[in-house]
Amino acid sequence: MSSSKLLNQVRFPKNLKSFNSGKLRQLADELRDEVIDVVSETGGHLGASLGVVELTVALHKVFDTPKDIIIWDVGHQAYPHKIITGRRHRIRTIRKGGGLSGFTKRSESEYDPFGTAHASTSISAGLGFSVAYNIQNQTRYVIAVIGDGALTGGMAYEAINHAGSLGYKIIVVLNDNKMSIAPPVGALANHLVELAEEDKGNGKGSTRKRSDKRTSLFEQLGFKYNGTIDGHNVDDLVSELERVKNAEEDGPVLIHILTEKGKGYKPAEESADKFHGVGQFDKNTGQAPTKLANVPSFTKVFSDSLIKEAHLDSKIVGITAAMPSGTGLNHFAKIFPERTFDVGLAEQHGVTFAAGLAAGGVKPFVAIYSTFLQRAFDQIVHDVAIQNLPVRFAIDRAGYVGADGQTHCGAFDVAYLGCLPNFILMAPADEAELMHMVATAAAMDDHPIAFRFPRGSGLGVELPYRGELLPIGKGRILREGTQVALLSYGLPLEDCLIASQTLEKLDVSTTVVDARFAKPLDKELICYLAAHHELMITIEEGSIGGFASQVLSLLSENGFMDSSLKLRSMYMPDMFLDQDKPELQREYAGLNHTHIVEKVLSSLRDTSEHNFLDSLVISRVE
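This is the structure we're talking about:
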């Protein structure tokens, strides 16, 4: 590891403006070492950040940031950018509570002009900036950095199409590392390889005019294409960026650079997918600490369950949007490669592709994170729900997700799916329930069906060999009482059971129910609870408009809002919570067992004096 002699001199980009090429190369080496050292302690997105170190240095050398703006698509590769834009002193707080975001964030720094975390947005946003500056007669350069993986998203092509027709100057840097989270898929990846091979045979691409037989896709869409450039050669990058910056002609430009994900750190170079996002590791070996727990994650249980169902049903297929390892479909793909489809970072296409598969007679499982599924809402409505096609949605990362923060929180899926006719919605309280829901979804042939499950390890419950079919729209009672009914949807069930034990010690008789379904609801069970309890509280790890709204509507339709029943709801607060440990996020949101007890007691008693006494009692009981 080199020292940080030059890096110590660079607090902001202005400090590197006077560096010659030798110093820029040394700065890049020191910056790379800093990123490795930091991420070995904090965890985070290592491979992508290491791949853009030289590009980061070159961009800040050539352009006058923050007047000129850089938009990093996804933003997970921006660790080097953060370090040299005034945030080095806080970089070891990245992805921690109260610390730096793992992505670019407008409120964090003037050097982050646009917040990112989801893919394929940078060119659209950059074009917006370029037009805005033109309208205001401002001369400012706009640079959008997008990876070849993010370029598989349809939104990127919508932006390229628009930019090519408008003719405003926007500089798009295509960071081609042959990877997103997994290797990119599709014809575009092949086209980029062809461009690189063609340039290799003709010398340095940036200086060559494409006047020969073949033009790139980007040129056909109105962009000037410059490529390919060695993305780890600072001198070449600076030269090319200065040439493009100083060119007199207007119009959009695409600079195609070739990089290596994980560059400069051998373990990451040899396993780019595993070092996309990592926990803490030994920087000398690349090895992560040994995990003592042997409880499988919800994702692993889903994957194993789907494999078991697929062995019994040859019509089952799996679909992922560039997240095979994150969703567990990589294991499915090893056994059923011909029944696994990675559509790239293209959720809209993936959902309608699944609708076509379902209409064609097979059984698609769309395995996708909650936060990414919202990118395909119109396709869910128009292509799945209206046609009542039996597409199965395995919605991973539901609820709070910890270090990935606001942009990846799975808050809204119950709300935006629950309002759609024909849908069936489920949520498992533990990993055994998840197995049952996979089996139930596999057997569902006449409706779209979705089940949501959280990030992280399961609860350690005993698992059956194979899931059982659940009766649609039926919940289960786990504990019976007489005074208070706690109606849980999904993971909060465990906290409800803990809360009920505390309440029992306070002489509050509590019924605990696992709803299992948000749609259709168990009307018979919920109406029974409403008729036989003084207080009913719904608990969910989702936004307003979700499970609680479904229950409220049911009770209203059946006259219980006119009765003596007290009804309360617990769901995510109307705000975007920053990154932290999931258990602390639930604490801040008021969704753990302590808050359930407080909600029960405050609902049963009215005065602030009682609330104060209740808090004293709770502390003594605990």
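Take the sequence shown: its position 530, counting from 1, is numbered 514 in the numbering used here, and each next residue is one higher. Quick reminder that beta carbons are idealized off the backbone N, C-alpha and C, glycines included. Since this is a predicted model, take the numbers as computed values, not measurements.
Neighbourhood of residue i by C-beta distance below 6 Å, restricted to the same chain and skipping five residues each side
{"i": "H65", "result": "T40"}
{"i": "L447", "result": "A416"}
{"i": "S5", "result": "D219"}
{"i": "A427", "result": "L453"}
{"i": "A338", "result": "I303, P348, V350, V375"}
Three-state secondary structure (DSSP) of residue i
{"i": "V385", "result": "coil"}
{"i": "R460", "result": "strand"}
{"i": "N217", "result": "coil"}
{"i": "S190", "result": "Residue placement at S190 cannot be trusted, given a pLDDT of 46 that sits under 50; the coordinates are not used to answer."}
{"i": "S195", "result": "Its pLDDT being 45, under 50, S195 is placed unreliably in this model, and the value from its coordinates should be taken loosely. Note: S195 maps to coil in three-state DSSP."}
{"i": "R90", "result": "coil"}
{"i": "L(-10)", "result": "coil"}
{"i": "S608", "result": "Lying outside -15 to 606, the shown extent of the chain, residue 608 is not represented and no answer is given."}
{"i": "Y572", "result": "helix"}
{"i": "N278", "result": "coil"}
{"i": "F(-4)", "result": "coil"}
{"i": "N210", "result": "strand"}
{"i": "D96", "result": "coil"}
{"i": "D479", "result": "helix"}
{"i": "T522", "result": "strand"}
{"i": "V22", "result": "helix"}
{"i": "N161", "result": "coil"}
{"i": "R79", "result": "coil"}
{"i": "D380", "result": "strand"}
{"i": "I408", "result": "strand"}
{"i": "I53", "result": "strand"}
{"i": "D13", "result": "helix"}
{"i": "D498", "result": "strand"}
{"i": "V58", "result": "coil"}
{"i": "I528", "result": "coil"}
{"i": "K1", "result": "coil"}
Extent of the continuous beta strand (DSSP E) to which residue i belongs
{"i": "H240", "result": "237 to 242"}
{"i": "D234", "result": "Element bounds for D234: n/a, residue is neither H nor E."}
{"i": "M139", "result": "Where M139 is concerned, there is no enclosing beta strand (DSSP E), although the alpha helix (DSSP H) it sits in stretches over 138 to 150."}
{"i": "M554", "result": "550 to 554"}
{"i": "F435", "result": "433 to 436"}
{"i": "F501", "result": "501 to 503"}
{"i": "G131", "result": "126 to 131"}
Span of the alpha helix (DSSP H) around residue i
{"i": "F286", "result": "282 to 296"}
{"i": "V535", "result": "531 to 541"}
{"i": "Y473", "result": "Y473 -> not in any alpha helix (DSSP H); beta strand (DSSP E) instead, spanning 468 to 473."}
{"i": "F202", "result": "201 to 204"}
{"i": "A416", "result": "415 to 427"}
{"i": "D397", "result": "397 to 402"}
{"i": "S114", "result": "106 to 119"}
{"i": "G31", "result": "30 to 35"}
Beta-carbon contacts of residue i that lie in its chain and below 7 Å, excluding the five residues immediately before and after
{"i": "M545", "result": "L539"}
{"i": "G457", "result": "F501, P504, L505, D506"}
{"i": "L461", "result": "Reading off the sequence, residue 461 comes out as Ile, not Leu. So the list reads T495, V497, once near-sequence residues are dropped."}
{"i": "Y400", "result": "Q358, F361"}
{"i": "S190", "result": "Because the pLDDT at S190 is just 46, under 50, the model does not fix this residue reliably, and the value given afterwards should be weighed accordingly. Hits under 7 Å: N210, G211, I213, E224."}
{"i": "G444", "result": "V279"}
{"i": "G465", "result": "S493, T494, T495"}
{"i": "S607", "result": "A query on residue 607 cannot be resolved here, the shown segment of the chain reaching from -15 to 606 and no further."}
{"i": "L201", "result": "H175"}
Residues near residue i in its chain [Cβ-Cβ closer than 8 Å; skip 5 each side]
{"i": "K153", "result": "S114, Y125, V126, D234, G235, P236, V237"}
{"i": "L561", "result": "Y384, G389, Q390, C393, Q569, Y572, A573"}
{"i": "T49", "result": "P(-3), L43, T69, Y95"}
{"i": "I239", "result": "I155, V156, V157, L158, S190, N210, G211, I213, E224, L225, V228"}
{"i": "L84", "result": "K66, R71, R74, I75, T77, I78, E92"}
{"i": "K247", "result": "R16, L34, G35, V37, H216, E253"}
Cβ-heavy atom distance, residue i to the ligand NAD, below 8 Å
{"i": "F265", "result": "This structure simply doesn't include the ligand NAD, nor any ligand for that matter."}
Check: With a cut-off of 8 Å, do at least 3 Cβ pairs link the stretch 533 to 551 to the stretch 500 to 513?
Finding: yes
Notebook entry, point to check: Are the stretch 5 to 25 and the stretch 370 to 388 in contact at 8 Å, needing three or more beta carbon pairs?
Noted result: no
Margin query: Closer than 8 Å is the cut-off here; do at least three beta carbon pairs connect the stretch 384 to 401 with the stretch 412 to 424?
Written below: no
Notebook entry, point to check: Where in the stretch 294 to 335 do unbroken runs of the alpha helix (DSSP H), each at least 4 residues long, occur, reported from the N-terminal end onward?
Noted result: 308 to 311, 313 to 319
Notebook entry, point to check: Which residue spans inside the stretch 332 to 377 form an unbroken beta strand (DSSP E) run of at least 3?
Noted result: 347 to 353
Margin query: With three or more beta-carbon pairs closer than 8 Å as the criterion, would you say the stretch 140 to 156 touches the stretch 101 to 110?
Written below: yes
Notebook entry, point to check: Counting pairs of beta carbons, one from the stretch 56 to 73 and one from the stretch 355 to 364, are three or more of them closer than 8 Å?
Noted result: no
Next item on the list: Evaluate the contact criterion for the stretch 341 to 356 versus the stretch 486 to 502: three or more CB pairs, one atom per stretch, below 8 Å.
Entry: no
Next item on the list: Would you be able to state if there are at least three C-beta pairs under 8 Å between the stretch 402 to 414 and the stretch 470 to 477?
Entry: yes
Checklist line | Touching by the beta-carbon criterion (3+ pairs, under 8 Å), the stretch 279 to 292 and the stretch 324 to 332 | finding: no
Check: With a cut-off of 8 Å, do at least 3 Cβ pairs link the stretch 511 to 522 to the stretch 545 to 560?
Finding: yes
Note to self: Quick check: the stretch 49 to 58 against the stretch 293 to 313, are at least 3 beta-carbon pairs closer than 8 Å?
What the structure shows: no
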